[in-house]
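Enquirer: Note that the working numbering has the sequence shown beginning at 4, numbered continuously upward.
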Amino acid sequence: MSSSKSEQKEDLQELFDKKNVLLFDGECIMCDGTVQFVIARDPKGEISFAPLQSEIGEEILSHFDIPMDMDTVVFVEKGQYYLRSTAMLHVLSHLTAPWSYLSSFLFIPLFIRDNVYRLVARYRYLIFGKQDLCTRPSGEVRSRFLAF
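1) Tell me which residues share the same chain as Leu64 and place their Cβ nearer than 8 Å to its Cβ, disregarding the 5 neighbours each side in the sequence.
2) In the DSSP output, which residue or residues are listed as bridge partners for Ala53?
3) State whether the segment 94 to 104 contacts the segment 124 to 135, with contact taken as three or more CB pairs (one from each stretch) at a distance under 8 Å.
4) Return the CA-CA distance between Asp28 and Leu92, expressed in angstroms with no decimal places.
5) Of all the options Met73, Gly48 and Glu49, which has the alpha carbon lying nearest to the alpha carbon of Gly60?
6) Quick one: measure Cβ to Cβ for Gly132 and Ile32, integer angstroms, because I've assumed they're closer than 8 Å.
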């Protein structure tokens, strides 16, 4: 990305005009599994990925003034960002059926959805474990990652 703030902002806006971006915890095995799940069910390649810990991840968080929180997944769609359960439900809307139908759960009140999300996020390392590095994508999938 560019060094000046205005150039960086323009670069990010250009990115958001072209791509939907899912930011995830690159050290979380469950999060990595979620990314693999999305890739397998997004044959059109509508979603790109970057770890929250990456330079581009930090730039996107800064752009939207979102505090760094490894317990929060962020999804940027058409220049609008979504957090936690809302982010995941918007991601699901891009996947093949029947997964896309789950996006209809947006009708469930946010405080209920996000409390469930936070509960899973709190215990994900305990249940699924932690890795030192994000899985290195290969082949054509690699182009969907902004960083790894």
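Virtual Cβ for every residue (Gly too), placed ideally from N, Cα, C.
Expert: According to the data block:
1) Leu26, Leu55, Pro70, Met71 and Val77
2) Leu26
3) no
4) 17 Å
5) Met73
6) 5 Å
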